[in-house]
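J.:
Residue numbers (this note's numbering): 4 to 482.
Structural data, given as structure tokens:
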């Protein structure tokens, strides 16, 4: 085992809150992140101990300070190095200080180089996910202090599988697609609402990589453990993940493309980055079927969000859905505007009626009325003015009554709420998206045979450039 004496009391309180709060018994949980302040705030002391069962922090530390637990043992060292190691992170106390002094007097305490290597390996294991952590509260003591217990599995010491179906199952949503989800995807596909993402010349979506993944040098065993974890252990994402971005506003997507091209000049030229326009159904399916450690996010129209929270929010014709999260300087998700029914008096009959705004889809003999969902306030106002002109027999208000919600939650409700799923929605993009689609050449979802050949040629071209570069330049190519 290894005992870590924390030198700053406040840091251990903050750090423990990130794991499990108010826990009286051991509650294991996968920890996938490592605080950058870890190295600066602890003083590691290596301990070899035969004791594995822990009842309380004080009792454990007192046992550690016992002389018989401080002897080096080759078998235990091999077990700790190649099979499993248990580590405790605790607040300093008299027993732990006594133990540390005994280690130093017997020359057992490791030198700084070993401590540095230990922390580097520990950090790498946290990133990969080979360490289980639990917060244990000492309810028997007056101070009721907590400490953190780490179980570090090494080598081929693998946890038992949680999911025996392995690679043959959608791990993020095992029941996908349900009947309601199939119905929703069909509606989204029929709407053809465009969203934009960045792809390379092979029609592969560009994803962002967590910075911590770039800092570790994985060996073959690490890669195998990741594969085993993703297929047989994964339950949810705890640490930073690979992210693919879909944009509602094409201008935001273009800005992202320009930033990526300027940040990674060589890769952008080699892989021929382009904007890809797909339907909202593609985004929805990828969110529900993404593999472990990969997530797809919808980036809202940033200009529209800014106008909503600064300008539109206080308008009298605006109301917010009761589940919508918003404030003076924030809004959750992509804003959508739903025109609400209004009571209006007929000019001819002088009878007050409830007038509902709907959009009819299809031919005259087979029209379907749909509830219209706008993603832009100005577009909703223009549509209402046209509706008001076409229904001049009613005394309709000059501006529509709008309820504000977000697109992501609407889709989630549609896939689970029967009353919502039975409705037909017609999603209306902003005029900017319409102009962008009509005036720019964008990759289409369906790939023709000619484009397939172009992808093969691009693949060969990229590798030819790499080979030529490696043969003619002393500088390593940016892969």
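Quick reminder that beta carbons are idealized off the backbone N, C-alpha and C, glycines included.
#1: State the Cα-Cα distance for the pair residue 225 and residue 301, rounded to the nearest angstrom.
#2: Quick one: is residue 360 buried, meaning 16 or more other Cβ sit within 10 Å of its Cβ, or exposed?
#3: Would you say residue 156 and residue 87 are within 9 Å of each other, going by their C-beta atoms?
#4: The beta strand (DSSP E) spanning residue 351 covers which residue range?
#5: Answer yes or no: do residue 253 and residue 436 have a C-beta to C-beta separation smaller than 9 Å?
#6: From the DSSP output, which residues share a beta bridge with residue 209?
#7: Taking the runs of the alpha helix (DSSP H) that are 4 residues or longer, which of them lie wholly in the stretch 408-435?
#8: What do you reckon, are the CB atoms on residue 150 and residue 94 nearer than 9 Å?
#9: Return the residue from the list 223, 394 and 200 that minimises the CA-CA distance to residue 285.
#10: Return the bridge partner residues of residue 280 from the DSSP annotation.
#11: Identify, in the order they occur along the chain, each residue of the same chain with its Cβ nearer than 6 Å to the Cβ of residue 322, setting aside the five sequence neighbours on each side.
#12: State buried or exposed for residue 211, treating a residue as buried only when at least 16 other CB atoms are found within 10 Å of its CB.
#13: Quick check on residue 336: does DSSP put it in helix, strand or coil?
#14: Name the one or two DSSP bridge partners that residue 376 has.
#15: Taking residue 396 as the reference, give the member of 356, 351 and 389 with the closest Cα.
#16: Out of curiosity, what's the CA-to-CA distance linking residue 228 and residue 242?
#17: Check residue 227 in the structure and name its three-state DSSP category.
#18: Mind pulling the alpha helix (DSSP H) runs of 4 or more residues that sit fully within the stretch 255-324?
#19: What do you reckon, are the CB atoms on residue 353 and residue 432 nearer than 9 Å?
#20: Should residue 331 go down as buried or exposed, given a rule of 16 or more other Cβ atoms within 10 Å for buried?
#21: Here's a check: name, in chain order, each residue in its chain whose Cβ is nearer than 7 Å to the Cβ of residue 428, leaving out the five neighbours to either side.
#22: How would you label residue 313, buried or exposed, when you count the other beta carbons within 10 angstroms and need 16 or more for buried?
#23: Quick one: what does DSSP say residue 387 is sitting in, helix, strand or coil?
#24: Taking buried to mean at least 16 other C-beta atoms within 10 Å of its own C-beta, is residue 159 buried or exposed?
#25: Rounded to the nearest angstrom, what separates residue 356 and residue 348 at their Cα positions?
#26: Taking only three categories from DSSP, how would you classify residue 236?
#27: Return helix, strand or coil for residue 182, following the three-state DSSP convention.
#28: Give me the Cβ distance between residue 296 and residue 245, rounded to the nearest whole Å; I'm assuming they're in contact under 8 Å.
T.: Let's see:
#1: As a working note, residue 225 is residue 222 in the chain shown. As a working note, residue 301 is residue 298 in the chain shown. Distance between the alpha carbons of residue 225 and residue 301 is about 32 Å.
#2: Counting from 1 along the chain shown, the entry for residue 360 is found at position 357. By the 10 Å Cβ count, residue 360 comes out buried.
#3: Against the chain shown, residue 156 aligns to sequence position 153. Against the chain shown, residue 87 aligns to sequence position 84. Yes, the pair counts as a contact, with Cβ atoms nearer than the cut-off.
#4: In the chain shown, residue 351 corresponds to position 348, counting from 1. Following the DSSP letters along the chain, one finds residue 351 in no beta strand (DSSP E), marked with neither H nor E.
#5: In the chain shown, counting from the first residue as 1, residue 253 sits at position 250. In the chain shown, counting from the first residue as 1, residue 436 sits at position 433. Contact flag set, yes.
#6: For the purposes of this step, residue 209 is identified with residue 206 of the chain shown, where counting begins at 1. In DSSP, residue 209 forms no bridge with anything.
#7: 410-417 and 421-424
#8: To locate residue 150, count along the chain shown from 1; it is residue 147. To locate residue 94, count along the chain shown from 1; it is residue 91. Yes.
#9: Looking up residue 285 in the chain shown gives position 282. It is 200 whose Cα lies nearest to the Cα of residue 285.
#10: Counted from its first residue, the chain shown places residue 280 at position 277. Answer is 199, bridged to residue 280.
#11: Residue mapping note: residue 322 aligns to position 319 of the chain shown, counting from 1. Beyond the five residues adjoining it in sequence on each side, residue 322 comes within less than 6 Å, by CB distance, of 406 in the same chain, given in chain order.
#12: Position 208 of the chain shown, counted from the start, is the residue given in the question as residue 211. Looking at its Cβ environment, which holds fewer than 16 other Cβ atoms inside 10 Å, residue 211 is exposed.
#13: As a working mapping, residue 336 is identified with position 333 in the chain shown. DSSP places residue 336 in coil when its eight states are reduced to three.
#14: Here the question's residue 376 lines up with position 373 in the chain shown. Paired residues: 341 and 430.
#15: Position 393 of the chain shown, counted from the start, is the residue given in the question as residue 396. Ranking 356, 351 and 389 by Cα distance to residue 396 puts 351 first.
#16: The count along the chain shown starts at 1 and reaches residue 228 at position 225. The count along the chain shown starts at 1 and reaches residue 242 at position 239. Answer to the nearest angstrom: the Cα atoms are 16 Å apart.
#17: The residue you call residue 227 lines up with position 224 of the chain shown. If DSSP states are grouped into helix, strand and coil, residue 227 belongs with the helices.
#18: 268-274, 283-292 and 305-310
#19: Position 350 of the chain shown, counted from the first residue, corresponds to residue 353. Position 429 of the chain shown, counted from the first residue, corresponds to residue 432. Against a cut-off of 9 Å, the Cβ pair of residue 432 and residue 353 comes out as no contact.
#20: The residue you call residue 331 lines up with position 328 of the chain shown. So residue 331 ends up on the exposed side.
#21: Start at 1 with the first residue of the chain shown, and residue 428 comes out as number 425. Once the five neighbours on either side are set aside, the close Cβ partners of residue 428 are 190, 373, 374 and 376.
#22: In the chain shown, counting from the first residue as 1, residue 313 sits at position 310. With fewer than 16 other Cβ atoms within 10 Å, it is exposed.
#23: Here residue 387 corresponds to residue number 384 of the chain shown, with the count starting at 1. Residue state, collapsed to three classes: helix.
#24: Taking the first residue of the chain shown as 1, we reach residue 159 at position 156. Exposed, because fewer than 16 other Cβ atoms sit within 10 Å of the Cβ of residue 159.
#25: Walking along the chain shown from the start, residue 356 turns up at place 353. Walking along the chain shown from the start, residue 348 turns up at place 345. Across the structure, residue 356 and residue 348 are spaced so that their CA atoms are roughly 6 Å apart.
#26: Working through the chain shown from its first residue, we reach residue 236 at position 233. Correct three-state label for residue 236: helix.
#27: Taking the first residue of the chain shown as 1, we reach residue 182 at position 179. Helix.
#28: Indexing the chain shown from 1 puts residue 296 at position 293. Indexing the chain shown from 1 puts residue 245 at position 242. The pair is a contact, with the Cβ atoms about 6 Å apart (cut-off 8 Å).
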